[in-house]
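Okay, so here's the structure we're looking at.
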Amino acid sequence: MTTTGLGSVPGDDIREWMRAVLELVDIPFLPELPARPYGDMLSRTVAVLTELAADLQPAGWRLTGGGDARASLDQRRARAQLQEDLDVLEEYAYEYEGPLKIQVTGPWTLAASMERPRGDKVLADHGARRDLAQALADGVQQHVAEVRKRVPGAELVLQIDEPGLPAVLAGAVPTASGWSKHRSVDGPGAVELLSMFTTAAPTIVHCCAARPPIEVFTKSGAAGVAIDVSLLNNAAWDQIAIAAEAGTTLYAGLVSTTGPLPEPDHAAAPLVRRWRELGLDPELMKQIVITPACGLAAAPSPGDARARLELLRRIVDVVGEAADA
């Protein structure tokens, strides 16, 4: 049983956080620091895009056309910052051997967040969202290759962040006017784009929404799913059970991102209780990765976020004892 974080952390010191994640969790990750300009998950993902140019508007990122030559100043700055972060990763982790995780925004959340050149979301245009997904998939392949070159001993894990996918599937993403919603996407369509990303490296899909579409994630080829345990309803737990018995790794979010730090046994209790209620093999609990409920950018301070990551290993001990009981 292991631990990791889900990407975002507070503060603006990438060096401090790179040292911290190599020390505090079993699966270190490339930290995202949204407090910095171009440090949020969307900007980092725009930095990875190939063949598509984008600029940053007051409403967010907007596609402006194809070709790197037309990349905006904002996109070039996002790319420069990502390269600087990779330099820090290489400096601190070059001799590291073991699992190492990187994160990118998934194609559906990106399409629901970015605008087309003439307005409204990329999600509205079937061809545009496929082009965006393909450009992202190509960029992710290059990103994975670069990280492997910089950290040769790493066993790379790719995290795809899809917080917006439940709304996409439900037809709940508002149009630009706000008067209507974008047409829903069906499950097979969602699987089709996600499956572009599950061959670059062992992939987990992260969705800390109340109804994560677990079946979509597993059908796309994801090796793991990352969820907020506190939000799961009965239907979601049933899907988790099916996935776990099929060999999918559960990244169980058990530590809230804000508020008082829980005691380890209290934090572990919802997972252990549900596991037993579902009649799942206790041995399968030993394959679980314990994480915070979501990214830690909202934590009140870097020290608080560190404490939440430190708590994860104590929760592992409690869950491990339950698995052996």
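Residue numbers for the sequence shown follow the working numbering, so the first one is 1228 and each next one is one higher. Every residue gets a Cβ at the ideal spot worked out from N, C-alpha and C, and that includes glycine. Given the structure is predicted, the values throughout are model-derived calculations rather than measurements.
**OP:** Taking Leu-1276 and Leu-1327 to be in contact with their CB atoms under 8 Å, please state how far apart those CB atoms are, rounded to whole angstroms.
**Re:** For the purposes of this step, residue 1276 is taken as residue 49 along the sequence shown, with counting starting at 1. For the purposes of this step, residue 1327 is taken as residue 100 along the sequence shown, with counting starting at 1. 22 Å between Cβ atoms; not a contact.
Subject >> Residue from Leu-1392, Val-1331, Arg-1438 with nearest C-alpha to Val-1456 >> reply: Position 229 of the sequence shown holds residue 1456. The option with the nearest alpha carbon to Val-1456 is Arg-1438.
**OP:** Name, in chain order, the residues that DSSP records as bridge partners for Trp-1406.
**Re:** Looking up residue 1406 in the sequence shown gives position 179. None; Trp-1406 has no bridge partner.
Original post:
How close, in whole Å, do the beta carbons of Cys-1435 and Gly-1480 come, if the pair is a contact with beta carbons under 8 Å?
Top reply: Taking the first residue of the sequence shown as position 1, residue 1435 is located at position 208. Taking the first residue of the sequence shown as position 1, residue 1480 is located at position 253. Contact holds; Cβ gap of about 6 Å.
Original post:
If you follow the beta strand (DSSP E) that Ala-1468 is part of, which residue opens it and which one closes it?
Top reply: Position 241 of the sequence shown, counted from the start, is the residue given in the question as residue 1468. No beta strand (DSSP E) contains Ala-1468, which is instead part of the alpha helix (DSSP H) from 1461-1472.
**OP:** Leaving aside the five residues before and after Arg-1297 along the sequence, list all residues of the same chain whose C-beta is less than 8 Å from its C-beta, in chain order.
**Re:** For the purposes of this step, residue 1297 is identified with residue 70 of the sequence shown, where counting begins at 1. For Arg-1297, where only same-chain residues beyond five positions count, the Cβ hits under 8 Å are Ala-1280, Thr-1291.
Original post:
Roughly how far, in whole angstroms, is the beta-carbon of Leu-1313 from the beta-carbon of Arg-1377, given that I think they are within contact range, below 8 Å?
Top reply: Position 86 of the sequence shown, counted from the first residue, corresponds to residue 1313. Position 150 of the sequence shown, counted from the first residue, corresponds to residue 1377. Yes, they are in contact, since the Cβ atoms of Leu-1313 and Arg-1377 sit about 6 Å apart, within 8 Å.
Original post:
Do you know whose CA, among Pro-1491, Ala-1494, Phe-1444, Asp-1413, lies nearest Ala-1473's CA?
Top reply: Taking the first residue of the sequence shown as 1, we reach residue 1473 at position 246. Among Pro-1491, Ala-1494, Phe-1444, Asp-1413, the Cα nearest to that of Ala-1473 belongs to Phe-1444.
Original post:
Hey, out of Leu-1488, Glu-1278, Thr-1272, Glu-1442, whose CA is closest to Gln-1386's CA?
Top reply: Within the sequence shown, numbered from 1, the residue matching residue 1386 stands at position 159. When each option's Cα is compared against that of Gln-1386, the closest is Thr-1272.
Original post:
CA-CA distance, Arg-1242 and Pro-1529?
Top reply: Residue numbering aside, residue 1242 sits at position 15 when the sequence shown is read from its first letter. Residue numbering aside, residue 1529 sits at position 302 when the sequence shown is read from its first letter. Going from the Cα of Arg-1242 to the Cα of Pro-1529 covers about 12 Å.
Subject >> Val-1412 in three-state terms, based on DSSP >> reply: Taking the sequence shown and counting its residues from 1, one reaches residue 1412 at position 185. Of the three classes helix, strand and coil, the one that applies to Val-1412 here is coil, per DSSP.
**OP:** Please classify Leu-1477: does DSSP put it in a helix, a strand, or coil?
**Re:** Taking the first residue of the sequence shown as position 1, residue 1477 is located at position 250. Looking at Leu-1477 - three-state DSSP - the assignment turns out to be strand.
**OP:** Closer than 7 Å by C-beta to Val-1371: which residues in its own chain qualify, once you throw out the five before and the five after it? Chain order, please.
**Re:** Numbered from 1 along the sequence shown, position 144 holds the residue referred to as residue 1371. Counting only Cβ-Cβ distances below 7 Å, and skipping sequence neighbours, we find Leu-1383, Leu-1385, Ala-1427, Ala-1428.
Original post:
Touch check for the segment 1416-1423 and the segment 1447-1464: three-plus C-beta pairs under 8 Å?
Top reply: yes
Original post:
Just checking, does the segment 1394-1405 make contact with the segment 1298-1305 on the three C-beta pairs under 8 Å criterion?
Top reply: no
Original post:
From what residue to what residue does the alpha helix (DSSP H) around Gln-1553 run?
Top reply: Missing from the structure shown is residue 1553; the chain here goes from 1228 to 1552 and no further.
Original post:
What are the boundary residues of the beta strand (DSSP E) that includes Gly-1451?
Top reply: Taking the first residue of the sequence shown as 1, we reach residue 1451 at position 224. Gly-1451 -> beta strand (DSSP E) spans 1451-1455.
Original post:
Are the Cβ atoms of Pro-1344 and Arg-1289 separated by less than 8 Å?
Top reply: The residue labelled residue 1344 in the question sits at position 117 within the sequence shown. The residue labelled residue 1289 in the question sits at position 62 within the sequence shown. Yes. Within cutoff.
Original post:
Which of helix, strand or coil does DSSP assign to Ala-1395?
Top reply: The residue labelled residue 1395 in the question sits at position 168 within the sequence shown. Note that residue 1395 is Val in the sequence shown, not Ala. If DSSP states are grouped into helix, strand and coil, Val-1395 belongs with the helices.
Original post:
Can you round the beta-carbon distance between Ala-1524 and Pro-1255 to whole angstroms, since I take them to be within the 8 Å contact cut?
Top reply: Counting from 1 along the sequence shown, the entry for residue 1524 is found at position 297. Counting from 1 along the sequence shown, the entry for residue 1255 is found at position 28. Not a contact, Cβ separation roughly 18 Å.
Original post:
Since Glu-1259 is in the beta strand (DSSP E), which residue starts that stretch and which ends it?
Top reply: What you label residue 1259 is simply residue 32 of the sequence shown in a count that begins at 1. Counting along the chain, Glu-1259 falls outside any beta strand (DSSP E), and DSSP gives it neither H nor E.
Original post:
If we count the other Cβ atoms within 10 Å of its Cβ and call it buried at 16 or more, is Ser-1404 buried or exposed?
Top reply: What you label residue 1404 is simply residue 177 of the sequence shown in a count that begins at 1. With fewer than 16 Cβ atoms within 10 Å of its Cβ, Ser-1404 is classed as exposed.
**OP:** Please report the residue range of the alpha helix (DSSP H) in which Asp-1551 lies.
**Re:** Along the sequence shown, one-based indexing puts residue 1551 at 324. Taken as a continuous stretch (DSSP letters only), the alpha helix (DSSP H) holding Asp-1551 covers 1529-1551.
Original post:
Excluding sequence positions up to five away, which residues of its chain have a Cβ less than 8 Å from the Cβ of Arg-1541?
Top reply: Counted from its first residue, the sequence shown places residue 1541 at position 314. Pro-1491.
Original post:
With burial defined as no fewer than 16 other Cβ atoms inside 10 Å of the residue's Cβ, what is the status of Thr-1485: buried or exposed?
Top reply: Taking the sequence shown and counting its residues from 1, one reaches residue 1485 at position 258. Classification of Thr-1485: exposed, given that the 10 Å Cβ count is below 16.
Original post:
Thinking C-beta only, is Tyr-1323 closer than 8 Å to Ala-1381?
Top reply: The residue given as residue 1381 occupies position 154 in the sequence shown. The residue given as residue 1323 occupies position 96 in the sequence shown. Contact: yes.
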